[in-house]
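Student: Residue numbers (this note's numbering), protein chains in the order written: chain S, 334 to 640; chain U, 334 to 640.
1. Could you tell me which residues DSSP puts in a beta bridge with residue 590 of chain S?
2. Short check: CB of residue 395 of chain U to CB of residue 349 of chain U, under 8 Å?
3. If residue 536 of chain S sits next to residue 606 of chain S, beta carbons under 8 Å apart, how far is it from one beta carbon to the other, in whole angstroms?
4. Return the chain-ordered list of same chain residues with a C-beta closer than 8 Å to the C-beta of residue 464 of chain S, the five sequence neighbours on each side being excluded.
5. Just the Cα atoms here: how many angstroms apart are residue 594 of chain S and residue 459 of chain S?
6. My understanding is that residue 597 of chain U touches residue 614 of chain U, with C-beta atoms under 8 Å, so please give their C-beta distance in whole angstroms.
7. Could you check where the alpha helix (DSSP H) with residue 433 of chain S kicks off and where it finishes?
8. Only counting the same chain, and skipping five residues up and downstream in sequence, which positions put a Cβ closer than 8 Å to that of residue 518 of chain S?
9. For residue 536 of chain U, write down the residues that DSSP places opposite it in a beta bridge.
10. Does the separation of the CB atoms of residue 413 of chain U and residue 635 of chain U fall below 8 Å?
11. With DSSP run on the structure shown, which of helix, strand or coil describes residue 374 of chain S?
12. Residue 355 of chain U to residue 610 of chain U, Cα distance in whole Å?
13. State the Cα-Cα distance for the pair residue 352 of chain S and residue 421 of chain S, rounded to the nearest angstrom.
14. Based on the DSSP output, what are the partners of residue 509 of chain S in its beta bridges?
15. So, at 8 Å on beta carbons, what are the nonlocal neighbours of residue 501 of chain U in its own chain, with the 5 sequence-adjacent residues on each side left out?
16. Mind reading off the beta-carbon distance from residue 375 of chain U to residue 632 of chain U? Whole number of angstroms is fine, and I expect it under 8 Å.
17. Expressed to the nearest angstrom, what Euclidean distance is found between the alpha-carbon atoms of residue 345 of chain S and residue 393 of chain S?
18. To the nearest angstrom, how far is the alpha carbon of residue 509 of chain S from that of residue 618 of chain S?
19. Who are the Cβ neighbours of residue 363 of chain U in its own chain at under 8 Å, not counting the five residues just before and after it?
20. Does the beta carbon of residue 357 of chain S come closer than 8 Å to any beta carbon on chain U?
21. Where does residue 605 of chain S fall in DSSP's three states?
22. Looking only at C-alpha atoms, which of S:612, S:441, S:368, S:539 sits nearest to residue 639 of chain S?
23. Can you give the Cα-Cα distance for residue 411 of chain U and residue 381 of chain U, rounded to whole angstroms?
24. What span of residues does the alpha helix (DSSP H) with residue 418 of chain U cover, start to end?
25. Terminal residues of the continuous beta strand (DSSP E) containing residue 407 of chain S?
26. Under the three-state reduction of DSSP, which class applies to residue 493 of chain S: helix, strand or coil?
27. Under 8 Å between the Cβ atoms of residue 539 of chain S and residue 516 of chain S?
28. Do you know how far the Cα of residue 389 of chain S is from the Cα of residue 340 of chain S?
29. DSSP beta-bridge partners for residue 477 of chain U?
30. Quick one: what does DSSP say residue 630 of chain S is sitting in, helix, strand or coil?
31. Residues of chain S with a CB under 9 Å from the CB of residue 413 of chain U: which are they?
32. Based on DSSP bridge pairs, tell me the residues matched to residue 455 of chain S.
33. Whole beta strand (DSSP E) runs in the segment 338-377 of chain U with 3 or more residues, listed along the chain?
34. Three-state secondary structure (DSSP) at residue 561 of chain S?
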């Protein structure tokens with residue numbers, strides 16, 4: 334039996350619906366001509382906090398019992414997960430602490446602060462971030478919300494796929510970028526429930542899920558230098574366990590193709606996207622033969638780019 | 334009696350519906366908090382050819398009799414109108430010539446060429462452009478499609494307002510940037526039919542409509558240096574005549590506020606917009622007291638920015 338049930342994703346959708354947008358699907362006739370396929374983009378760049386992470390954080394925080402919630406929540410993040418936890422905590426009316434590396438972008442600090450969360454700065458690097466979070470947990474009793482290795486977070490992220498499949502009948506393939514695998518795990522459960530194929534796309538420089546598939550064991554990589562900063566994490570333990578025999582294919586894209594794909598998408602679709610979501614776009618543009626004559630949906634994961 | 338009838342705009346909507354997108358309205362809770370108002374953005378950056386100009390050009394070209402249409406059409410443009418005429422001509426299956434100054438951006442040449450139009454290059458400047466167009470008209474009998482001083486173009490542009498008012502009940506004010514006044518004229522007729530106020534916003538460096546209102550006569554300005562390149566034209570003759578006693582207010586924004594407003598909008602709304610549409614955004618951000626407690630719609634005119 335899988336760790337994550339389809340019913341949990343349906344329940345998550347009911348729970349978080351008041352706090353998230355139902356985001357639109359966009360198409361590009363030019364891209365369809367180029368690829369010979371029917372491609373639909375799910376625009377989570379238009380989601381609350383500018384990223385799908387609002388879904389998982391909302392589900393995790395609204396799933397807490399009142400007594401747990403009142404302890405408050407803590408997360409460490411230089412990016413969208415921190416803003417999402419701060420946002421959801423404010424919606425629930427509970428305190429949140431976000432541990433942020435001191436080299437985070439000013440706009441990220443501003444976003445977290447705008448949702449009323451307390452910010453604790455730390456040195457960059459996973460060890461410093463986890464140490465700072467551990468202190469908050471130990472001294473203040475707050476509950477840590479992991480960005481992907483958390484079943485409620487995964488169930489929340491899976492609601493992206495629910496909305497896609499609700500709108501697009503006869504979908505062949507669901508495509509998304511892979512980092513820690515929260516989005517992948519939730520949407521794998523949804524896709525398989527509906528008989529839809531699922532593809533995960535990674536940068537060559539951060540392809541832990543692809544390498545794990547090749548090796549048939551869970552491989553974790555050292556800190557990656559990919560420009561797709563949202564995908565630098567290796568796939569998490571539970572995320573690997575849930576997806577390992579179920580995802581249809583993993584593909585990789587060359588680092589040099591990511592930023593041109595981001596610019597191409599912004600100039601054609603008129604959507605501001607962050608480099609992480611350009612990874613599947615780069616794949617569509619460089620390997621279009623794989624989706625020819627297919628109806629596919631691509632998750633545009635977020636729009637918090639440094640312009 | 335006005336030159337432009339409300340019924341002509343309803344007819345335009347029926348005629349062009351197969352060739353245009355019904356674009357979405359977006360909101361920003363942050364902007365609503367900042368301004369104390371209820372602001373809706375009509376995203377014509379997501380329109381065919383990336384700008385509302387697809388509406389006017391489609392209406393002008395599909396309104397031609399078969400015998401006129403078969404002569405083909407010609408327009409001079411360094412920007413969106415040329416792409417729009419090329420697009421609509423291809424949809425009607427007739428030839429189009431677009432006269433383009435030889436310093437136009439490569440992406441603009443590419444866009445026009447992608448719709449199958451013939452491009453004739455000329456020296457920059459209105460005189461050269463008109464001379465080159467006149468030669469095409471004289472030698473080849475093609476029909477010129479003016480970008481704004483044309484009633485069918487105005488009627489097409491007015492369909493933006495029809496869609497807005499169809500979706501937003503109790504709208505107080507419709508706001509848009511003003512260049513040649515095609516968008517303004519069409520939407521003035523729609524707004525007044527529905528008892529909605531209409532505001533036109535111009536850059537300080539290209540404020541012919543504002544100056545004309547102050548002087549109570551039609552003032553035309555020399556070539557402007559504003560960064561809002563879509564608004565460098567002075568309001569046209571028919572456009573002035575249709576709007577002069579009807580538009581509620583004209584406002585101007587400082588040149589220095591335009592690009593920051595473009596960046597603000599792109600980072601918050603995640604929409605790629607061109608500098609011309611940042612003009613009303615700059616006005617909202619710098620003069621918010623005028624719309625406090627009002628329900629307003631702002632036309633986002635296009636997304637063909639040089640990224």
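Every residue, glycine too, gets a C-beta built ideally from N, C-alpha and C.
Tutor: Looking at the atomic coordinates:
1. In the first chain, residue 590 of chain S corresponds to position 257, counting from 1. In the DSSP output, where bridge partners are listed per residue, residue 590 of chain S has none listed.
2. By one-based count along the second chain, residue 395 of chain U stands at place 62. By one-based count along the second chain, residue 349 of chain U stands at place 16. It is a contact, given that the beta carbons lie within the stated cut-off.
3. What you label residue 536 of chain S is simply residue 203 of the first chain in a count that begins at 1. What you label residue 606 of chain S is simply residue 273 of the first chain in a count that begins at 1. In fact, because the Cβ distance is near 15 Å, the residues do not count as touching under 8 Å.
4. Reading the first chain from its first residue, position 131 is the one you call residue 464 of chain S. Here the set comprises 455.
5. Here residue 594 of chain S corresponds to residue number 261 of the first chain, with the count starting at 1. Here residue 459 of chain S corresponds to residue number 126 of the first chain, with the count starting at 1. About 29 Å.
6. As a first step, residue 597 of chain U must be located in the second chain, where it is residue number 264. As a first step, residue 614 of chain U must be located in the second chain, where it is residue number 281. Going by Cβ atoms, the distance from residue 597 of chain U to residue 614 of chain U rounds to 7 Å, so yes, they are a contact pair.
7. Translated into the one-based positions of the first chain, residue 433 of chain S becomes position 100. Per DSSP, residue 433 of chain S belongs to no alpha helix (DSSP H); it is in the beta strand (DSSP E), 429-434.
8. In the first chain, residue 518 of chain S corresponds to position 185, counting from 1. Within the same chain, residue 518 of chain S has close Cβ partners 337, 481, 487, 490, 491, 571, 572, 575, 576.
9. Numbered from 1 along the second chain, position 203 holds the residue referred to as residue 536 of chain U. DSSP, once it has assigned bridges, lists U:586 as partnering residue 536 of chain U.
10. Residue 413 of chain U sits at position 80 when you count from the first residue of the second chain. Residue 635 of chain U sits at position 302 when you count from the first residue of the second chain. Yes.
11. Looking up residue 374 of chain S in the first chain gives position 41. DSSP places residue 374 of chain S in strand when its eight states are reduced to three.
12. For the purposes of this step, residue 355 of chain U is taken as the residue at position 22 of the second chain. For the purposes of this step, residue 610 of chain U is taken as the residue at position 277 of the second chain. Approximately 18 Å, taken between the alpha carbons.
13. Start at 1 with the first residue of the first chain, and residue 352 of chain S comes out as number 19. Start at 1 with the first residue of the first chain, and residue 421 of chain S comes out as number 88. Cα-Cα distance, rounded: 8 Å.
14. Within the first chain, residue 509 of chain S is the residue found at index 176, counting from 1. According to DSSP, which records beta bridges pairwise, residue 509 of chain S is partnered with S:533.
15. Within the second chain, residue 501 of chain U is the residue found at index 168, counting from 1. Result list for residue 501 of chain U: 358, 373, 628, 630, in chain order.
16. Mapped onto the second chain, residue 375 of chain U falls at position 42. Mapped onto the second chain, residue 632 of chain U falls at position 299. Going by Cβ atoms, the distance from residue 375 of chain U to residue 632 of chain U rounds to 5 Å, so yes, they are a contact pair.
17. As a position in the first chain, residue 345 of chain S is number 12, starting the count at 1. As a position in the first chain, residue 393 of chain S is number 60, starting the count at 1. Rounded to whole angstroms, residue 345 of chain S to residue 393 of chain S spans 9 Å at the Cα level.
18. The sequence position of residue 509 of chain S within the first chain is 176, counting from 1. The sequence position of residue 618 of chain S within the first chain is 285, counting from 1. Going by the C-alpha atoms only, they are around 14 Å apart.
19. Position 30 of the second chain, counting from 1, holds the residue named residue 363 of chain U. If we look at residue 363 of chain U and ignore the five residues flanking it on each side, its Cβ neighbours are 601.
20. Here residue 357 of chain S corresponds to residue number 24 of the first chain, with the count starting at 1. Judged by the 8 Å Cβ criterion, residue 357 of chain S is in contact with chain U.
21. Numbered from 1 along the first chain, position 272 holds the residue referred to as residue 605 of chain S. If DSSP states are grouped into helix, strand and coil, residue 605 of chain S belongs with coil.
22. Here residue 639 of chain S is taken as the residue at index 306 of the first chain, counted from 1. Residue 639 of chain S has its Cα closest to that of S:441, out of S:612, S:441, S:368, S:539.
23. Locating residue 411 of chain U in the second chain gives position 78, where the first residue counts as 1. Locating residue 381 of chain U in the second chain gives position 48, where the first residue counts as 1. Their Cα atoms are separated by approximately 17 Å.
24. Along the second chain, read from residue 1 onward, the residue named residue 418 of chain U stands at position 85. Per DSSP, residue 418 of chain U belongs to the alpha helix (DSSP H) from 413-425.
25. As a first step, residue 407 of chain S must be located in the first chain, where it is residue number 74. Residue 407 of chain S -> beta strand (DSSP E) spans 406-409.
26. For the purposes of this step, residue 493 of chain S is taken as the residue at position 160 of the first chain. Here residue 493 of chain S sits in helix by DSSP.
27. The residue you call residue 539 of chain S lines up with position 206 of the first chain. The residue you call residue 516 of chain S lines up with position 183 of the first chain. Going by C-beta atoms, residue 539 of chain S is not nearer than 8 Å to residue 516 of chain S.
28. Within the first chain, residue 340 of chain S is the residue found at index 7, counting from 1. Within the first chain, residue 389 of chain S is the residue found at index 56, counting from 1. Whole-angstrom Cα-Cα distance: 15 Å.
29. The residue labelled residue 477 of chain U in the question sits at position 144 within the second chain. Looking at the DSSP assignment, residue 477 of chain U forms a beta bridge with U:407.
30. On the first chain, position 297 is the one that residue 630 of chain S refers to. Reduced to three states, the DSSP call for residue 630 of chain S is strand.
31. Numbered from 1 along the second chain, position 80 holds the residue referred to as residue 413 of chain U. Correct list: empty, because the minimum Cβ distance to chain S is about 13 Å.
32. Counting from one through the first chain, the residue named residue 455 of chain S turns up at place 122. Bridge partners of residue 455 of chain S: S:434.
33. 371-376
34. Against the first chain, residue 561 of chain S aligns to sequence position 228. The answer is coil: DSSP assigns residue 561 of chain S none of H, G, I, E or B.
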